[in-house]
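Data first, discussion second: the structure below is written as structure tokens.
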Amino acid sequence: MALAGRLLRTLLFVPGNNPRFIEKARVLRADLICLDLEDSVPVGEKDRARELVRDALKARSNYASELYVRVNSPESRLIEDDLKGIVVDGLDGIVIPKVNEPEEVVRIAQMLDELEHKNATSKRVEIMPSIESARGVVNAYHIASSSDRVSALVFGVFDFMHDMGLEYSVDAIGYSYARAKVPVDARAAGVYAIDGIWQDIEDVDGLVRDAMIGMRLGYKGKSIIHPKQIEPVHKVFIPSKDEIEWARKVVAALEDAMKQGKGAVRLEGKMVDAVHYKRAKALLDTVDMIKA
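Just so you know, we're using my numbering here: the sequence shown kicks off at 1 and counts up by one.
In structure tokens:
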């Protein structure tokens, strides 16, 4: 399921057992708000969190952003109860953590089929599998291709490092291959990729540097864990003034060249052709979406 006309710059995780945070999320301008039933919710709080999340979904119109839920992992044996509690009108999609095999997504898609029919929901729920293990990285393309509900892959850096038996470090050496592979596999499958979190909430400069690496690897956006991370990440995934100006020049020059039957043209000492035109148009379309 390839996406068009959407911004996925920020995926903000909000603890599903915290009524104050859920209420605050209504006015936050992350592109995706993801109410969490997994890591941020202790086992004894799962039922209460499902109720709070369900209430929030029923009040979907009060939220400024798309509304997702991170369910528990396929191996947790909790995901069926999660889905029974949250598949209601108002749910835009789910993030599935720790996906290792495409068959896991297929089974969850089948559960969604049944629950959507049973509950007569009006919208088809999207799926974002989270790649957090060596098996998940190896199978990332097949996971992304496993269902037409899949809209993006999410890279879970810390669980991946744990699975590899490695300590996290900001130089990214331990996860550089996996981080680079996920957006390639996502693109090959016709979906987007969302980068992993930056854990140090106070280190905004580090967050920006890390987000820029993700953008250059082909990620559409970044997972975040605090509202103060929204604006810095959004700025990274907004084209710069120089990029916008260059894109406009490329489009103008090539549209004029095409009228003359030419497929390429020299612009400020550089040769530009059809592929540059497509990239320039895509960049300007992104600018239009951000303005809208």
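In this text, a Cβ means the ideal position worked out from N, Cα and C, and glycines have one as well.
| Query | Result |
| --- | --- |
| Report yes if the C-beta distance between Leu-267 and Lys-278 is below 8 Å; otherwise report no. | no |
| Have a look at the DSSP bridge pairing and note the partners of Arg-124. | None; Arg-124 has no bridge partner. |
| Is DSSP giving Glu-51 helix, strand or coil here? | helix |
| On the three-state DSSP scale, how would you describe Phe-158? | helix |
| Out of curiosity, what's the CA-to-CA distance linking Lys-58 and Glu-51? | 11 Å |
| Could you check which residue in Phe-158, Lys-281, Leu-254 has the C-alpha nearest to that of Asp-273? | Leu-254 |
| Using C-beta distances below 7 Å, list every residue in its chain close to Asn-17, excluding the 5 sequence neighbours before and after it, in chain order. | Val-41, Glu-45, Arg-48, Ala-49, Leu-52 |
| Please classify Arg-29: does DSSP put it in a helix, a strand, or coil? | coil |
| Out of Lys-222, Ala-252, Lys-262, Lys-259, state which residue places its alpha-carbon closest to the alpha-carbon of Asp-34. | A quick correction: the sequence has Cys, not Asp, at residue 34. Nearest option by C-alpha distance: Lys-222. |
| Is the Cβ-Cβ distance between Asp-195 and Gly-214 less than 8 Å? | yes |
| Take Ile-86 as the anchor and find which of Lys-98, Leu-67, Pro-102 has the nearest alpha-carbon. | Leu-67 |
| For Leu-32, tell me which candidate among Ser-145, Pro-97, His-117, Met-128 has the shortest Cα-Cα distance. | Met-128 |
| Where does Leu-11 land, buried or exposed, given buried means 16+ other C-beta within 10 angstroms? | buried |
| Verify whether the separation of the beta carbon atoms of Leu-283 and Ala-247 is less than 8 Å. | yes |
| Is the distance from the Cβ of Val-137 to the Cβ of Ala-178 below 8 Å? | yes |
| Could you pull the start and end residues of the beta strand (DSSP E) that Pro-232 belongs to? | Pro-232 -> not in any beta strand (DSSP E); alpha helix (DSSP H) instead, spanning 230-236. |
| According to DSSP, simplified to helix, strand and coil, what is Ala-252? | helix |
| Strictly by DSSP, which residues pair up with Lys-270? | Leu-267 |
| Which one or two residues does DSSP pair with Ser-130 in a beta bridge? | Val-154 |
| Strictly by DSSP, which residues pair up with Leu-35? | Val-14, Val-69 |
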